[in-house]
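To start, the structure itself, in structure tokens.
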Amino acid sequence: MTLRIYNTLTRRTEDFQPLEPGRVTMYVCGPTVYGGAHVGHGMSSLVFDIVRRYLVYRGYEVRYAMNYTDVDDKIIQRAKQEGEPPLELAERYIEEYDQQLKALSVLPATVYPRATAEIPYIIDMVARLLEDDAAYVVDGDVYYRVEKDDDYGKLSGRRLEDMHAGARIDVDERKEHPMDFAVWKAAKPGEPAWDSPWGPGRPGWHIECSAMVFHHLGQQIDIHGGGNDLIFPHHENEIAQSESLTGKPFARYWMHNGLMQFSGEKMSRSLGNLISIKAFLEKHEPDVLRMMVLNSSYRHPLTYGDEIVEGAARGLERLRSGLRPALPGATGAPKTETAALAKLAEETRTRFIEAMDDDFNTAAVLGLLFELVRQINQVREVGATNEQMQGTQAVLFELSGVLGLRLKRQEKNLDAGLVLKIFDELRKEIDAEMSQEIRWPTAGGENGNTPQLIDMLLDIRDVLRAKKLWKLTDQIRDGLAKLGVLVEDSAGGSSWRWE
RNA sequence: GGCGACGUGGCCAAGUGGUAAGGCAAGGGUCUGCAAAACCCUCACCACGGGUUCGAAUCCCGUCGUCGCCUCCA
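Going by my numbering, the first residue of the first sequence is number 662, and it counts up by one from there.
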């Protein structure tokens, strides 16, 4: 079986074959850091995180670079407004994005190059483009000459003539062709600038990516990714300038994710219709966004909305239900049931790989995992023990992990004092006689251990339940619910989990 | 105007020639003091109109609609 990837360059799904067997080089365009990131950026990072994780799962050694564009017009403009040095502003947002990626459990890239750290390489490339006559200098700017490139437009499927006709922007008369793009921009007074043979300036947007790829990954890479809004002109231009220099195909597989839609159009900072990652994470746990991404296909647009977020959150909860322990008092499920379960687990692993190999069909994969969850829960219902379920649960956990889902609920740091308050309230309501039957927390004993205190509270609750003292029973459950602890009763006893 | 993607049940969505996975929501049931969870059951003539085929959500043509790119953008 081979992994198959849809390649924007050929518009076909192709067998994946890296340049070097067993090793993959992968470059993804990261954000321009002139402001906070929104969930669309998160989506893109998640898509390629999933790709990367799966490649690793399939045994590849992956060298992964994600860049930060830390100098450009928007950063300069924003910095001026805020009265902050542009590079400091960029640095601030890079740190913020790093944090957010970590929160979203995006694995760290092998390298995080940034434009400003690549200036010597960029200058060298511009110089070589000029030598080759592939670029020309005008007033300190350097432009790439698109007409010199006979296959310009091959990625986006455009012809220069067509674009000429539809050019919407004012044409810069100094350029030989309207589509010529800057590889070096002369600095205006007060702008960040680096010395170059053409005068002080900074890199054009596209050249930095080529330089970073060459420098960190090599002249040819296996996978180049980004949002599909980057196909033209950004990636087209990267190809043009890179291949002019090397004469070799720049990237073998071009992968583009669909864009996040919000309020009927794409979410973007320039349109201002965005949900920031920060705002999202204040309301939802990180894996909810990952679930949204997994439930759709990465190449298609993903619409952001309350109902969809809610659905993703519930789905995540459902996956977790498969990992729950045996019911209290479980005595074992019939062999036929557990044998069928073990068989399904193995089939699921096989089908998981088939689906992921098919251009990362994560939505189909989720379907497989939900099916597995249902079967696990089924055997649990008929009394399976932890031993009987653990093999299958391990498969569920493993495959979810390949998708980057953690499933294990995060332990909360709940102040033990808040739990002790519930004990205090109970004491007031329970008479001396009954109090004898109850084990109360002792000072210096369990006091600091919140989970242990909750367990004790449930023990007390069991005593109360046996006596059918529902008011007190519910008081405990409600009290814990307010602290984010969910109590669930079943025939064999009660259990609790973090909400 | 040019290039491209898409239109599957209330919502998300898989499926690209053999009579529709899965999740959420909804309704019914089991369990249960109540609640929650879990389990079981129910819920689609695949935008529309033609065509090809023994057979189409899946291929072809047309219509309508939505979105992206052509300007900075994940």
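Ideal Cβ positions, reconstructed from N, Cα and C, are used throughout, including at glycine.
Please list, in chain order, all residues of the same chain as Ile784 whose beta carbon is under 7 Å from its beta carbon, the five residues on each side excluded.
-> Translated into the one-based positions of the first sequence, residue 784 becomes position 123. Correct list, in chain order: Ser857.
According to DSSP, is Gly827 helix, strand or coil?
-> Along the first sequence, read from residue 1 onward, the residue named residue 827 stands at position 166. Its pLDDT being 49, under 50, Gly827 is placed unreliably in this model, and the value from its coordinates should be taken loosely. For Gly827, the three-state secondary structure derived from DSSP is helix.
Let me know if Met928 comes out buried or exposed under the rule of 16 or more other beta-carbons within 10 Å of its beta-carbon.
-> On the first sequence, residue 928 is found 267 positions in, with the first residue counted as 1. With 16 or more Cβ atoms within 10 Å of its Cβ, Met928 is classed as buried.
Per-residue burial, Tyr758 [other beta carbons within 10 Å of its own, 16 or more giving buried] = Locating residue 758 in the first sequence gives position 97, where the first residue counts as 1. Buried is the call here.
Do Gln1071 and Ala994 have their C-beta atoms within less than 7 Å of each other?
-> Sequence index remark: in the first sequence, residue 1071 carries index 410 (1-based). Sequence index remark: in the first sequence, residue 994 carries index 333 (1-based). At the C-beta level, Gln1071 and Ala994 stay beyond 7 Å of one another.
Tell me whether Gly827 is buried or exposed, calling it buried when 16 or more other Cβ atoms sit within 10 Å of its Cβ.
-> Translated into the one-based positions of the first sequence, residue 827 becomes position 166. With a pLDDT of 49 at Gly827, under the threshold of 50, the modelled position of that residue is not reliable, and no figure is offered here.
Can you check DSSP and say which residues form a bridge with Trp1159?
-> Here residue 1159 is taken as the residue at index 498 of the first sequence, counted from 1. Listed as beta-bridge partners of Trp1159 by DSSP are Val1146.
Measure the Cβ-Cβ separation of Leu768 and Asp710 and say whether it is below 7 Å.
-> Locating residue 768 in the first sequence gives position 107, where the first residue counts as 1. Locating residue 710 in the first sequence gives position 49, where the first residue counts as 1. Taking 7 Å as the cut-off, the Cβ atoms of Leu768 and Asp710 count as close.
Does the separation of the CB atoms of Leu955 and Thr1023 fall below 7 Å?
-> Along the first sequence, read from residue 1 onward, the residue named residue 955 stands at position 294. Along the first sequence, read from residue 1 onward, the residue named residue 1023 stands at position 362. Taking 7 Å as the Cβ cut-off, Leu955 and Thr1023 qualify as a contacting pair.
Relative to the alpha-carbon of Pro746, which residue among Tyr782, Thr771, Ala854 and Arg672 has its alpha-carbon at the smallest distance?
-> Taking the first sequence and counting its residues from 1, the one referred to as residue 746 is at position 85. The shortest Cα separation from Pro746 among Tyr782, Thr771, Ala854 and Arg672 belongs to Ala854.
Assess, as a yes-or-no matter, whether the segment 948-966 is touched by the segment 997-1017 under the definition of 3 or more beta carbon pairs within less than 8 Å.
-> No: fewer than three Cβ pairs fall under 8 Å.
Would you mind sorting Leu932 into buried or exposed? The rule is 16 or more other CB atoms within 10 Å of its CB.
-> By one-based count along the first sequence, residue 932 stands at place 271. Leu932 comes out exposed.
Pick out the complete alpha helix (DSSP H) segments inside the segment 1005-1066, 4 residues or longer, and give them in chain order.
-> Those alpha helix (DSSP H) runs which fall completely within the segment 1005-1066 and span 4+ residues are 1023-1042 and 1047-1063.
Unbroken alpha helix (DSSP H) runs of length 4 or more, entirely within the segment 875-909: which are they?
-> Here the runs fully enclosed are 897-907.
Pick from Leu1030, Thr999, Leu1005 and Ala940 that is closest to Ser659, judged by C-alpha positions = Nothing in the structure corresponds to residue 659, since the chain is present only between 662 and 1160.
Assuming Ser905 contacts Ala795 under a Cβ cut-off of 8 Å, what Cβ separation, rounded to an integer in Å, is found between them?
-> By one-based count along the first sequence, residue 905 stands at place 244. By one-based count along the first sequence, residue 795 stands at place 134. At roughly 4 Å, the Cβ-Cβ gap stays under 8 Å, so Ser905 and Ala795 are in contact.
For Asn918, I'd like the list of residues in its chain whose CB is within less than 8 Å of its CB, leaving aside the five on either flank, ordered along the chain.
-> Reading the first sequence from its first residue, position 257 is the one you call residue 918. Counting only residues of its own chain and dropping the five nearest sequence neighbours on each side, Asn918 has a CB closer than 8 Å to the CB of Met704, Ser705, Val708, Phe709, Gly886, Gly887, Gly888, Asn889, Tyr959 and Arg960.
Backbone secondary structure at Ala854 - three-state DSSP | In the first sequence, residue 854 corresponds to position 193, counting from 1. Here Ala854 sits in coil by DSSP.
Should Asn898 be labelled buried (16 or more other beta-carbon atoms within 10 Å of its own) or exposed?
-> For the purposes of this step, residue 898 is taken as the residue at position 237 of the first sequence. Per the 10 Å Cβ criterion, buried.
Where the alpha helix (DSSP H) containing Val787 begins and where it ends = Along the first sequence, one-based indexing puts residue 787 at 126. Note, Val787: alpha helix (DSSP H), Ile780 to Glu792.
Lys836 to Lys815 span [Cα, whole Å] = Here residue 836 corresponds to residue number 175 of the first sequence, with the count starting at 1. Here residue 815 corresponds to residue number 154 of the first sequence, with the count starting at 1. Going from the Cα of Lys836 to the Cα of Lys815 covers about 22 Å.
Tell me where the beta strand (DSSP E) around Val694 begins and ends.
-> Reading the first sequence from its first residue, position 33 is the one you call residue 694. Here Val694 belongs to no beta strand (DSSP E), and DSSP marks it neither H nor E.
Under 7 Å between C-beta atoms of Ala847 and Asp802 = In the first sequence, counting from the first residue as 1, residue 847 sits at position 186. In the first sequence, counting from the first residue as 1, residue 802 sits at position 141. Yes. Within cutoff.
Kindly give me the distance between the Cβ atoms of Trp845 and Pro861, rounded to whole angstroms, as I take these residues to be in contact under 8 Å.
-> For the purposes of this step, residue 845 is taken as residue 184 along the first sequence, with counting starting at 1. For the purposes of this step, residue 861 is taken as residue 200 along the first sequence, with counting starting at 1. The distance from the Cβ of Trp845 to that of Pro861 is about 10 Å, inconsistent with a contact at the 8 Å cut-off.
Rounded separation between Gly1062 and Tyr718 - CA only = Stepping through the first sequence from its first residue, residue 1062 is reached at position 401. Stepping through the first sequence from its first residue, residue 718 is reached at position 57. Near 10 Å, if we compare the C-alpha coordinates of Tyr718 and Gly1062.
Can you tell me whether Gly1145 is buried or exposed, with buried defined as 16 or more other CB within 10 angstroms of its CB?
-> For the purposes of this step, residue 1145 is taken as residue 484 along the first sequence, with counting starting at 1. Gly1145 should be labelled exposed.
Candidates Leu716, Val700 and Asn1047: which alpha carbon is nearest Pro679's?
-> One-based indexing of the first sequence puts residue 679 at position 18. For Pro679, the nearest C-alpha among the options comes from Leu716.
For Thr671, three-class secondary structure by DSSP = Position 10 of the first sequence holds residue 671. Looking at Thr671 - three-state DSSP - the assignment turns out to be coil, as it is neither helix nor strand.
Can you give the Cα-Cα distance for Lys979 and Gly990, rounded to whole angstroms?
-> Sequence index remark: in the first sequence, residue 979 carries index 318 (1-based). Sequence index remark: in the first sequence, residue 990 carries index 329 (1-based). Looking at the sequence shown, residue 979 is not Lys but Arg. The alpha-carbon atoms of Arg979 and Gly990 are separated by roughly 23 Å.
How would you label Pro947, buried or exposed, when you count the other beta carbons within 10 angstroms and need 16 or more for buried?
-> Walking along the first sequence from the start, residue 947 turns up at place 286. Flag for Pro947 reads buried.
Based on Cα-Cα distance, which residue from Glu1007, Val1043 and Gly1044 lies nearest to Leu1033?
-> Numbered from its first residue, the first sequence carries residue 1033 at position 372. It is Glu1007.
For Thr663, three-class secondary structure by DSSP = As a position in the first sequence, residue 663 is number 2, starting the count at 1. DSSP places Thr663 outside both helix and strand once states are collapsed to three, so it counts as coil.
Compare the Cα-Cα distances from Pro1112 to each of Arg1158, Ile1083, Leu1087 and Leu1125 and report the closest residue.
-> By 1-based counting over the first sequence, the position of residue 1112 is 451. Ranked by Cα distance from Pro1112, the options Arg1158, Ile1083, Leu1087 and Leu1125 are led by Arg1158.
How many Å lie between Ile1083 and Leu1141 at the Cα?
-> As a working note, residue 1083 is residue 422 in the first sequence. As a working note, residue 1141 is residue 480 in the first sequence. The alpha-carbon separation between Ile1083 and Leu1141 amounts to approximately 8 Å.
Pull up the CB-CB distance for Tyr1180 and Met687, whole angstroms please, since I reckon it's below 8 Å.
-> Because residue 1180 is not part of the residues shown, which for the chain are 662 to 1160, the question remains open.
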